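What follows is a short report on a single structure.
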Amino acid sequence: MSLAYFALIVSIVSASALEIAGAKFGAQLGTMAAALSLLAATASARKADYEHYVRATSWGRWILIAIPLCIAAQLTPLPLAFAHPIWASAHDVLGDLSLGPITADLGLTVSALLLTLAAISSLGVTILVVRDRGRAELVLFVLAGVAAFSALTLDLHRLSPAVAEAAATSELATTLAGFGLILNLAVMQLAAERAETRHSLLRSIVLGLLGLVGALVSALAIFGLSGTNSAIAASFGIVLILLILVIRRLDLSPLAVGALSLAALIGAGIVLTFVFERSSGPVLLRLVPEMGTETRAALERMLADTRWFGAGAGTFAAVGSIYQSDAGAILTVPSTAASIFAEMGWIGLAALIAVSLIALVRLFFGALQRGRDSFFPAAAAACVLFALVQSFAGPGLLRPAAILCLSMIVGLGLSQGVSQSSSR
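Per this note's numbering, the sequence shown starts with residue 86, numbered consecutively.
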């Protein structure tokens with residue numbers, strides 16, 4: 086598993102660092118590294134690894150197959166009644182075959198399919214390579230460090246006008262800052278758990294201080310320099326971590342755990358209801374930053390015209406240009422949720438929300454059952470919750486670095502949520 090572990094680290098570090106730096110090939114390098122890690126893991130996997138993977142994904146292995154199949158189905162030629170209208174128009178003009186795919190752009194959807202396969206590969210390989218607790222800790226440190234570095238770039242960009250950064254990169258940095266805040270809190274909890282055991286006190290203090298610095302840098306980016314809705318999303322993640330910590334430390338009964346969880350769920354529902362009702366218009370556009378009237382009207386028309394199966398994964402920008410009144414302008418993605426809806430339709434958006442909730446519940450209960458190492462699945466659950474709320478507030482989660490980072494975080498949480506170690 087050494088090669089798979091190395092390729093996995095290269096995947097997330099290269100994709101994140103290069104995307105933050107504005108390089109165009111960061112996503113491609115990260116995808117290739119993810120493919121290499123999958124090949125290496127498959128070649129070196131043993132029976133025990135396979136059994137561990139089966140236990141870690143028992144909550145829904147079918148999901149890992151269904152998602153890429155749904156995207157691949159958009160590439161399949163279908164009768165024009167089910168295909169995107171662009172193919173019907175082409176048939177009327179050219180008189181070609183009366184078939185067409187659901188997607189409006191085959192190339193963009195193929196690229197989205199490859200990225201999806203890379204993310205699923207990263208999740209699966211992470212589950213295998215972090216069976217060992219030492220590797221799990223190193224992956225946590227790498228993820229926390231990469232996310233904190235991204236948050237630092239956002240801090241420098243907002244605080245120093247001399248530091249140039251693209252708007253899209255700012256969205257990515259905001260998303261990674263949210264992950265960084267949660268992951269560095271997990272590092273601090275790891276240090277505290279180590280200090281309570283027979284580990285070196287000095288090393289625990291150093292780890293705790295590093296986690297504190299990373300958490301402060303990320304907190305400045307997400308609470309001080311990002312939008313209100315992004316801060317609310319991060320707050321949900323922090324509350325979830327604290328909820329799991331309180332339940333573990335107080336050793337509450339199942340009835341008390343259920344009552345406390347229900348109270349937290351009701352409180353979250355009230356807050357989300359208040360946040361969504363602050364503005365009017367389509368639900369998918371209520372949490373996005375302010376935009377021009379013309380741009381908002383174009384987005385509303387685009388969303389209103391979206392079919393049940395969408396316009397094809399990855400085609401938002403291509404289809405959006407049709408609705409933009411200025412021929413030279415590009416209709417940018419307002420949020421991840423709006424993009425998924427436009428590309429995959431109501432069915433795709435509802436399915437991805439359901440998948441996120443299933444993973445959230447699985448990680449939550451995994452954290453409650455894990456013992457001292459509960460911070461692994463707890464941090465993963467908090468990141469999933471943050472991503473779910475943040476998906477309505479900005480498009481940062483559409484970037485390959487954020488996708489690969491989240492897939493590794495979920496894989497880390499799932500793997501350590503079922504691991505049978507002596508530290509349990």
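Cβ atoms here follow ideal geometry from the backbone N, Cα and C, with glycine treated the same way. It should be emphasised that the depicted structure is a prediction, and the values quoted were computed from it without experimental measurement.
Check	Outcome
What did DSSP end up calling residue 502 once you bin it into helix, strand or coil?	helix
Helix, strand or coil for residue 312, going by three-state DSSP, please let me know.	coil
Note down the Cα distance separating residue 251 from residue 481, rounded to an integer number of angstroms.	The pLDDT assigned to residue 251 is 49, lower than 50, so where the model puts this residue is not dependable; a value taken from the coordinates is nonetheless given after this. Approximately 12 Å, taken between the alpha carbons.
Is it buried or exposed for residue 339, if we count other Cβ within 10 angstroms and need 16 for buried?	exposed
Bridge partners for residue 164 per DSSP, in chain order?	184
Please classify residue 515 as buried or exposed, where buried requires at least 16 other C-beta atoms within 10 Å of its C-beta.	In the structure as shown, the chain starts at 86 and stops at 509, and residue 515 therefore has no counterpart that could be examined.
Give me, in chain order, the residues of the same chain whose beta-carbon lies closer than 7 Å to that of residue 388; leave out the 5 immediate sequence neighbours on both sides.	367, 369, 423, 426 and 427
Could you check the C-alpha separation between residue 210 and residue 373 for me, to the nearest Å?	34 Å
Apply the 10 Å Cβ neighbour rule to residue 331 and answer buried if 16 or more other Cβ atoms are within range, or exposed otherwise.	exposed
Does the segment 188-206 come within contact of the segment 260-279, defined as at least 3 CB pairs closer than 8 Å?	no
Between residue 287 and residue 225, which are expected to be in contact by the criterion C-beta below 8 Å, what is the C-beta distance as a whole number of angstroms?	Contact flag wrong, Cβ pair sits at about 20 Å.
Here's a check: name, in chain order, each residue in its chain whose Cβ is nearer than 6 Å to the Cβ of residue 404, leaving out the five neighbours to either side.	189 and 396
Name the residue from 376, 499 and 496 whose alpha carbon lies nearest to the alpha carbon of residue 479.	376
Along the chain, where does the alpha helix (DSSP H) containing residue 429 start, and where does it finish?	421-455
Does the count of Cβ pairs from the segment 136-154 and the segment 217-232 closer than 8 Å reach three?	no
Quick check: what's the CA-CA separation for residue 129 versus residue 447?	28 Å
When you compare the CB positions of residue 276 and residue 292, do they come within less than 7 Å of one another, or not?	yes
From residue 280 to residue 290, what does the alpha carbon distance come to, in whole angstroms?	8 Å
For residue 235, collect the residues of the same chain with a Cβ closer than 6 Å to its Cβ; drop the 5 residues on either side in sequence, then sort them by chain order.	105, 258 and 261
Can residue 465 and residue 494 be called in contact, C-beta distance under 7 Å?	yes
If you run the structure through DSSP and keep just helix, strand and coil, what is residue 248?	Note that residue 248 scores 49 on pLDDT, short of 50, meaning its location in the model is unreliable and no value can be drawn from it.
Going by beta carbon distance, what residues of the same chain come within less than 7 Å of residue 468, once the five residues before and after it are set aside?	264, 267, 322, 491 and 494
Are the beta-carbon atoms belonging to residue 126 and residue 95 less than 7 Å from one another?	no
To the nearest whole angstrom, what separates the beta carbons of residue 483 and residue 115, a pair I think is in contact under 8 Å?	With a Cβ gap of about 14 Å, residue 483 and residue 115 do not count as contacting.
Does the distance from the CB of residue 416 to the CB of residue 463 come in under 7 Å?	no
Taking Cβ to Cβ, would you say residue 171 is nearer than 7 Å to residue 201?	no
Answer with yes or no whether the minimum CB distance from residue 456 to chain D is below 7 Å.	In the structure shown, chain D cannot be found, because there is only a single protein chain.
Specify the secondary structure class of residue 288 as computed by DSSP and reduced to three states.	helix
Nearest-angstrom Cα distance between residue 316 and residue 173?	44 Å
Going straight from the alpha carbon of residue 91 to that of residue 456, what length do you get?	28 Å
Determine, using beta carbons only, whether residue 420 and residue 361 come nearer to each other than 7 Å.	no
In terms of alpha-carbon separation, which member of 318, 232 and 357 lies closest to residue 296?	232
Is the Cβ-Cβ distance between residue 53 and residue 101 less than 7 Å?	Residue 53 lies beyond the range of the chain shown here (86 to 509); nothing can be said about it.
Using only the alpha-carbon positions, how far apart do residue 187 and residue 393 sit?	10 Å
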